[in-house]
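Have a look at the structure below before the remarks.
In this note's numbering, the protein residues as written are 943 to 1518.
Okay, structure coming up:
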């Protein structure tokens, strides 16, 4: 079997890699591909423009291609599948009419509203001043979306009126996305946790792929401008088995049926970007193709032969297929060029990929790479997708970042918290307890450190004086619940760490909180003078960072992956 893959990013590398693992596939052509794809077994890159449909179809006929898989949305939205169909060629991807599910936010929102599929409340505008009046009336936060395709960057979650008005002006007046900004969708801002959900469909049968979660913002903590995606992980613990069923029955299947009723039957991969609000799923967006970078961890976990699934879709046998998934978790960290998603330089020498891939379970998918004078260099904004497969999400996170530390190119940027949201859904290894909600601001630094080291944790507020029974129960039950270290923060008389330590054999780290006229000195003296037999390891006043690092070091005594991450952390500190 011969396959043509259209596109040249990390998603396409993952598709080529997965398809090449099929014993049924003898050759894969990728147009235009990248340096990583060119190095894969069975793969050959061909210098064809994804928008030159004539050249692509001619090539497919000449090479006897059995089917084509389209990675990016633009060629699908412009009718690549329709053109190939007229030429008698098979494409695993929707028609231009069905691809409107991604190509037009207005089309999608109106379709969802018409068929009662859960999504945020919205209005559509073709006049910027009318859009601004509506925003002023509704208030913030609010979401501004360009109607058309904008490479994943046409959505602004505005936290102020100024930001919302600026988004309207950039999209509709300055036309930074061209005709994609002729109309905007102004949408209610849903608060919850995002998840990605992809299915394979032949228009009737709908098979779910593993859940995942993308990270669009550029910076840690979901700050900064939106990007094409800075990383992803699979599975997404927020998508429970029951919720996955609700997504299938309440969103994915009804959407496929709705498109068919509108005269646009859907064939290929349908991706739903969801917001989970109080346990219920709402559609944020649909994509008409595999997500990028979600495809990387999802395809790492997919056990079923992808080529067989696609063949079954073409032959009407998809209902007979089973999607088998590996039990391990996968995490993908995107390494990007400095300046991305704005202007960035190309041609930076890349080193360390071979060393990174020596780590068992690690695969480095290329996104923006090429070879120049025989050397591997950057050629795009998103350069690499470093993907790791491991027993669970924390171990996959550590393994992925261990691999990232081995790769270097000038100006490299990556987020250090890919997968951190998943930690909230996992049994905690570290418990953080403070006596008052006013102490929570300092706790954020400990959370940042624990997230960076992929250590699941929880935060509890309980006072040794106001809720002593709650503190006692928390301490006594900690070990049974899997907690291996407790960080206790308190100010003034600082009884909390000692009370906790008196009721548990789990190591307790005390953090004096700056409060009262002595600004934490009294709390420090109280903690370091615990009676014999009630040990509390005490750090400096307000030093939740060192408390978290000490907790990691304690856990690392029995976890090699944590020891390796600590070594990399110390090396980074030493290098400034």
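For each residue, glycine too, the CB sits at the ideal point set by N, CA and C.
Backbone secondary structure at residue 1050 - three-state DSSP: helix
Inter-residue Cα distance where the pair is residue 1327 and residue 999: 30 Å
Pair within 8 Å by beta-carbon distance, residue 1211 and residue 1243: no
Assumed close pair residue 1033, residue 945 - CB separation to whole angstroms, cut-off 8 Å: Their Cβ separation, rounded to whole angstroms, is 11 Å, which puts residue 1033 and residue 945 out of contact at 8 Å.
Chain-order list of residues whose beta-carbon lies under 7 Å from that of residue 1491 (same chain, five-residue window excluded): 1391
Touching by the beta-carbon criterion (3+ pairs, under 8 Å), the stretch 1188–1204 and the stretch 1251–1263: no
With 16 other Cβ atoms within 10 Å as the buried cut-off, status of residue 1467: exposed
Outcome for residue 1421 when other beta-carbon atoms lying within 10 angstroms are tallied against a minimum of 16: exposed
Three CB pairs or more closer than 8 Å across the stretch 1277–1292 and the stretch 1348–1366: yes
Straight-line gap, residue 1238 to residue 1507 (C-alpha atoms, nearest Å): 23 Å
Residue from 1023, 1128 and 1042 with nearest C-alpha to residue 1069: 1128
Three-way DSSP call (helix, strand, coil) for residue 1347 in this model: coil
Strand pairing of residue 1175, partner residues [DSSP]: 1155 and 1273
Closest residue to residue 1088 among 1036, 1303 and 1110 (Cα-Cα distance): 1110
Inter-residue Cα distance where the pair is residue 1062 and residue 1071: 22 Å
Span of the beta strand (DSSP E), counted from its first residue to its last, around residue 1374: 1372–1376
The stretch 1144–1159 in contact with the stretch 1328–1344 per 3-pair CB rule at 8 Å: no
Under the three-state DSSP convention, the category residue 1336 falls into: helix
Endpoints, beta strand (DSSP E) assigned at residue 1317: 1317–1320
Residue range of the alpha helix (DSSP H) that includes residue 1002: 995–1005
The stretch 1151–1162 in contact with the stretch 1171–1185 per 3-pair CB rule at 8 Å: yes
Close-in-space but distant-in-sequence residues of the same chain around residue 1166 (CB under 6 Å, 5 per side omitted): 1159 and 1160
Residue 1026 vs residue 1050 beta-carbon contact at 8 Å: no
Among 1367, 1499 and 1402, the one whose alpha carbon lies nearest that of residue 1135: 1367
Close beta carbons around residue 1097, own chain, < 7 Å, minus the five adjacent residues each side: 1085, 1087 and 1168
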